[in-house]
């Protein structure tokens, strides 16, 4: 059983389990799934600075911080006790593309050549940690949600603004992958 | 400070808690548990992998499309059933799902997030999962994302 769980889970197992979070949160606590909101709650809690956008009752939304703390814990358990040590099986095109980027070690979940601790103070680190993180935070709040709040929760409730947001997420991602990243990697 | 009593919401939370009944620390623990399952699935489904995100945008694998697509279909069916049979919460409350209101932020913000998604290989949920998986550098990404939210909040009236 444990050996079975340790294998990477196929999409038709992982996807429906993620989708089930929607009714689970609704029926257990009348709560709408959304993860990027946790970043806003942290702002409201720690650095509201008198800004109107952070002046709300974040205590009512504290469940969201429990939820993301759970994500950290669940990921820890999965990595420590349920991991398989094989590298992720990637498509050929992806592998050859990543090698043109000069990435030699495709082990783990994310490449250490980009996201290792020793990269933090480099220009590469600035782009992938700082700039990337800033865009994720700024963009999701500007859009009013992320892949969970819009793509999963919003689409589950057939909200067309969430469809617009999802399409824009994808356009942005395709633009970065095809138009920007190949040039960006020449700088390193 | 008139803290907790303040219910004025200049801007409602976009992933709101619509429950009338209050929950204490113990009540909130169940969200920790659901989050933990969520995080576990994130890792075992390899959804939080930078490589998988590159692969998705290179159209080199069906995996991520399958995950997101089947998650959405599961959600659509669940919400439909909840509404169709008027299923109540465990506290007997009517299920409330706030509609998403359109503004241009979904376009501009969506594009900016999309660019950042392909760069970091993660949306906010997977960032937490990567941290939990032991990639401690991701603390910087999360702090930077919080800074991004803060800057948006500061200039929101000019942006929306």
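Protein chains in written order, with our numbering: chain A, 60 to 247; chain B, 1107 to 1266. Ideal Cβ positions, reconstructed from N, Cα and C, are used throughout, including at glycine. Computed from a predicted model, the values in this text were never measured in an experiment.
query: Which residues in chain A sit within 7 Å of residue 1192 (chain B), going by Cβ to Cβ distance?
result: As a first step, residue 1192 (chain B) is located in the second chain; it is residue number 86 there, counting from the start. Correct list: empty, because the minimum Cβ distance to chain A is about 12 Å.
query: Can you find at least 3 beta carbon pairs, one from the region 153 to 166 of chain A and one from the region 127 to 136 of chain A, that sit closer than 8 Å?
result: Segments in contact, no.
task: Give me the Cα-Cα distance between residue 142 (chain A) and residue 65 (chain A), rounded to the nearest whole angstrom.
output: Stepping through the first chain from its first residue, residue 142 (chain A) is reached at position 83. Stepping through the first chain from its first residue, residue 65 (chain A) is reached at position 6. Between residue 142 (chain A) and residue 65 (chain A), the alpha-carbon positions lie close to 6 Å from each other.
message: Which residues of the region 1172 to 1185 of chain B have a Cβ closer than 9 Å to any Cβ of chain A? Give them in chain order.
response: Residues 1172, 1173, 1174, 1175, 1176, 1177, 1178, 1179, 1180, 1181, 1182, 1183, 1184 and 1185.
task: Please list the residues of the region 1209 to 1233 of chain B that have a C-beta atom closer than 8 Å to any C-beta atom in chain A, keeping them in chain order.
output: Residues passing the 8 Å Cβ filter: 1209, 1211, 1212, 1213, 1214, 1215, 1216, 1217, 1218, 1219, 1220, 1221, 1222, 1223, 1224, 1225, 1226, 1227, 1228, 1229, 1230, 1231 and 1233.
- prompt: Looking at the C-beta of residue 1247 (chain B), does it have a partner C-beta in chain A at a distance below 7 Å?
  reply: By one-based count along the second chain, residue 1247 (chain B) stands at place 141. At a cut-off of 7 Å between beta-carbon atoms, residue 1247 (chain B) makes contact with chain A.
message: Within a Cβ cutoff of 8 Å, which residues of the same chain sit near residue 174 (chain A), ignoring the five residues on either side of it in sequence?
response: As a working mapping, residue 174 (chain A) is identified with position 115 in the first chain. Once the five neighbours on either side are set aside, the close Cβ partners of residue 174 (chain A) are 187 and 188.
- prompt: Where DSSP assigns a beta bridge to residue 90 (chain A), which residues make up the other side?
  reply: Taking the first residue of the first chain as position 1, residue 90 (chain A) is located at position 31. For residue 90 (chain A), the pairing in a beta bridge is given by DSSP as B:1123.
task: Run the CB neighbour count on residue 61 (chain A), radius 10 Å, all protein chains shown included, and call it buried at 16 or more, exposed below.
output: Numbered from its first residue, the first chain carries residue 61 (chain A) at position 2. By the neighbour-count rule (16 or more Cβ atoms within 10 Å), residue 61 (chain A) is not buried but exposed.
field: is_contact[residue 155 (chain A), chain B] using C-beta, thresh 7 Å
entry: What you label residue 155 (chain A) is simply residue 96 of the first chain in a count that begins at 1. It does not; no Cβ of chain B falls within 7 Å.
field: Between the CA atoms of residue 121 (chain A) and residue 1204 (chain B) - distance to the nearest angstrom
entry: Along the second chain, one-based indexing puts residue 1204 (chain B) at 98. Along the first chain, one-based indexing puts residue 121 (chain A) at 62. Approximately 18 Å, taken between the alpha carbons.
query: With a CB to CB cut of under 7 Å and the five nearest residues on each side skipped, what residues in its chain are close to residue 1209 (chain B)?
result: For this step, residue 1209 (chain B) is matched to residue 103 along the second chain. Around residue 1209 (chain B): 1266.
query: Nearest chain A C-beta to residue 1150 (chain B) closer than 7 Å, yes or no?
result: Sequence index remark: in the second chain, residue 1150 (chain B) carries index 44 (1-based). It does; some Cβ of chain A falls within 7 Å.
Short Cβ contact (7 Å threshold) for residue 1229 (chain B) with residue 206 (chain A): As a working note, residue 1229 (chain B) is residue 123 in the second chain. As a working note, residue 206 (chain A) is residue 147 in the first chain. Pairing residue 1229 (chain B) with residue 206 (chain A) gives a Cβ-Cβ distance under 7 Å.
query: By a C-beta neighbour count over all protein chains shown, 10 Å radius and 16 as the cutoff for buried, is residue 1200 (chain B) buried or exposed?
result: Within the second chain, residue 1200 (chain B) is the residue found at index 94, counting from 1. Exposed, because fewer than 16 other Cβ atoms sit within 10 Å of the Cβ of residue 1200 (chain B).
- request: Show which residues of chain A have a CB atom less than 9 Å away from the CB atom of residue 1264 (chain B).
  value: As a working note, residue 1264 (chain B) is residue 158 in the second chain. By Cβ distance, chain A contributes nothing, its closest Cβ being about 12 Å from residue 1264 (chain B), past 9 Å.
query: Nearest CA to the CA of residue 127 (chain A): which residue from B:1232, B:1153, B:1151 and B:1131?
result: The residue labelled residue 127 (chain A) in the question sits at position 68 within the first chain. Nearest of B:1232, B:1153, B:1151 and B:1131 to residue 127 (chain A), Cα basis: B:1232.
- request: Any chance you could list the alpha helix (DSSP H) runs of at least 4 consecutive residues sitting entirely within the region 1166 to 1218 of chain B, in chain order?
  value: For the region 1166 to 1218 of chain B, whole alpha helix (DSSP H) runs of length 4 or above, ordered along the chain, are 1169 to 1190.
query: Within the 7 Å Cβ cut-off, does residue 1198 (chain B) reach chain A?
result: As a working mapping, residue 1198 (chain B) is identified with position 92 in the second chain. Taking 7 Å as the CB threshold, residue 1198 (chain B) stays off the interface with chain A.
field: Contact under 7 Å by Cβ, residue 1197 (chain B) with residue 1127 (chain B)
entry: By 1-based counting over the second chain, the position of residue 1197 (chain B) is 91. By 1-based counting over the second chain, the position of residue 1127 (chain B) is 21. The answer is yes: Cβ separation under 7 Å.
query: Along chain B, which residues have their Cβ under 7 Å away from the Cβ of residue 220 (chain A)?
result: In the first chain, residue 220 (chain A) corresponds to position 161, counting from 1. Within 7 Å of the CB of residue 220 (chain A), the CB atoms of chain B belong to 1206, 1207, 1208 and 1212, in sequence order along the chain.
task: With 7 Å as the threshold, decide whether the Cβ of residue 145 (chain A) is near any Cβ in chain B.
output: Taking the first chain and counting its residues from 1, one reaches residue 145 (chain A) at position 86. Among the residues facing chain B, residue 145 (chain A) is not included, as its CB has no counterpart in that chain under 7 Å away.
message: Excluding the 5 residues flanking residue 1161 (chain B) on each side, which residues of the same chain have their C-beta closer than 8 Å to its C-beta?
response: Within the second chain, numbered from 1, the residue matching residue 1161 (chain B) stands at position 55. The residues 1167, 1169 and 1170, in chain order, have a CB closer than 8 Å to that of residue 1161 (chain B) in the same chain once the five nearest residues on each side in sequence are set aside.
message: For a quick check, are the C-beta atoms of residue 1140 (chain B) and residue 243 (chain A) less than 7 Å apart?
response: Locating residue 1140 (chain B) in the second chain gives position 34, counting from the first residue. Locating residue 243 (chain A) in the first chain gives position 184, counting from the first residue. In this structure, residue 243 (chain A) does not lie closer than 7 Å to residue 1140 (chain B) by Cβ.
task: Can you pull the chain B residues whose beta carbon is under 8 Å from the beta carbon of residue 125 (chain A), in chain order?
output: Against the first chain, residue 125 (chain A) aligns to sequence position 66. By Cβ distance, chain B contributes 1134, 1135, 1137, 1138 and 1141.
- prompt: Helix, strand or coil: how does DSSP classify residue 1114 (chain B) here?
  reply: Here residue 1114 (chain B) refers to the residue found at position 8 when the second chain is read from its first residue. With a pLDDT of 43 at residue 1114 (chain B), under the threshold of 50, the predicted position of this residue should be treated as unreliable, though the coordinate-derived value follows. Residue state, collapsed to three classes: coil.
message: Measuring straight from C-alpha to C-alpha, what distance separates residue 69 (chain A) and residue 108 (chain A)?
response: Within the first chain, the letter at position 10 stands for residue 69 (chain A). Within the first chain, the letter at position 49 stands for residue 108 (chain A). Their backbone Cα atoms lie some 45 Å apart in a straight line.
- prompt: Does any C-beta atom of chain A lie closer than 7 Å to the C-beta of residue 1130 (chain B)?
  reply: Numbered from 1 along the second chain, position 24 holds the residue referred to as residue 1130 (chain B). Any Cβ of chain A closer than 7 Å to the Cβ of residue 1130 (chain B) would place that residue at the interface, and such an atom is absent.
field: Span of the alpha helix (DSSP H), counted from its first residue to its last, around residue 1263 (chain B)
entry: Mapped onto the second chain, residue 1263 (chain B) falls at position 157. Run containing residue 1263 (chain B): 1244 to 1265, per the alpha helix (DSSP H) assignment.
message: Taking the alpha carbon of residue 79 (chain A) as the reference point, which residue from B:1175, B:1260, B:1159 and B:1163 has its own alpha carbon closest?
response: Numbered from 1 along the first chain, position 20 holds the residue referred to as residue 79 (chain A). Closest by C-alpha distance to residue 79 (chain A), out of B:1175, B:1260, B:1159 and B:1163, is B:1175.
task: Below 8 Å between beta carbons is the criterion; list the residues of the region 73 to 91 of chain A that meet it against any residue of chain B, in chain order.
output: Listed by position, the residues of the region 73 to 91 of chain A near chain B (Cβ gap below 8 Å) are 73, 74, 75, 76, 77, 78, 79, 80, 81, 82, 83, 84, 85, 86, 87, 88, 89, 90 and 91.
query: What's the call for residue 1084 (chain B), buried or exposed, on a 16-neighbour Cβ count within 10 Å?
result: As shown, chain B starts at 1107 and ends at 1266. That puts residue 1084 (chain B) outside it, with no answer to give.
task: With residue 196 (chain A) as the anchor, note down where its alpha helix (DSSP H) starts and where it stops.
output: Counting from one through the first chain, the residue named residue 196 (chain A) turns up at place 137. Here the alpha helix (DSSP H) through residue 196 (chain A) covers 191 to 202.
- prompt: Closest Cβ-Cβ distance between residue 1241 (chain B) and chain A: below 7 Å?
  reply: Within the second chain, residue 1241 (chain B) is the residue found at index 135, counting from 1. Judged by the 7 Å Cβ criterion, residue 1241 (chain B) is in contact with chain A.
message: If you follow the alpha helix (DSSP H) that residue 1231 (chain B) is in, where does it begin and where does it stop?
response: Position 125 of the second chain, counted from the start, is the residue given in the question as residue 1231 (chain B). Taken as a continuous stretch (DSSP letters only), the alpha helix (DSSP H) holding residue 1231 (chain B) covers 1230 to 1238.
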